[in-house]
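Chemist: So for the sequence shown, the working numbering puts the first residue at 775; every next one is plus one. I have a structure I would like to understand better, so I am pasting it below and will then ask my questions one at a time.
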Amino acid sequence: MGRGKIVIRRIDNSTSRQVTFSKRRKGLIKKAKELAILCDAEVGLVIFSSTGKLYEFANTSCMKSIIERYNKAKEEHQQLLNPTSEIKLSILAKGGGNLKAATAEPPRNI
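In structure tokens form, the structure reads like this:
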């Protein structure tokens, strides 16, 4: 038999909230480890408690390399979504036709 559903809302009692945070943090880190092992994924997890304490997990040598990779990928993704004026000029110079059509964002599937 499964457990009953709980209402997801802030826990008022600070002791209960801290106990729940600790248990769920451990569970989340366990899931991150499993994901890294089962799927050969590079996983980085950063958690800050309500008191500001840092907890982190990285399955590779260091979190810094994961964050650098994330920032690089995010920057590349932003360049694809929002082409710079250089790219727009390049499209026009190559006879790319309609600049609006060439630089318009694709429809998003939600």
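Note that the Cβ used here is the ideal one computed from N, Cα and C, for glycine as well. Every value quoted in this text rests on a predicted model; they were computed, and no experiment measured them.
Per DSSP, I865 forms a beta bridge with which residues?
Modeler: According to DSSP, which records beta bridges pairwise, I865 is partnered with nothing at all.
Chemist: Ignoring anything shorter than 4 residues, give me the alpha helix (DSSP H) runs that lie fully in the stretch 812 to 862, in order along the chain.
Modeler: DSSP runs (the alpha helix (DSSP H)) wholly in the stretch 812 to 862: 837 to 855.
Chemist: Evaluate I840 with the Cβ neighbour count: other Cβ atoms within 10 Å of its Cβ, from every protein chain shown; 16 or more gives buried, anything less gives exposed.
Modeler: Per the 10 Å Cβ criterion, buried.
Chemist: Helix, strand or coil: how does DSSP classify G801 here?
Modeler: Looking at G801 - three-state DSSP - the assignment turns out to be helix.
Chemist: Does V781 come out as helix, strand or coil in the three-state DSSP assignment?
Modeler: Looking at V781 - three-state DSSP - the assignment turns out to be coil, as it is neither helix nor strand.
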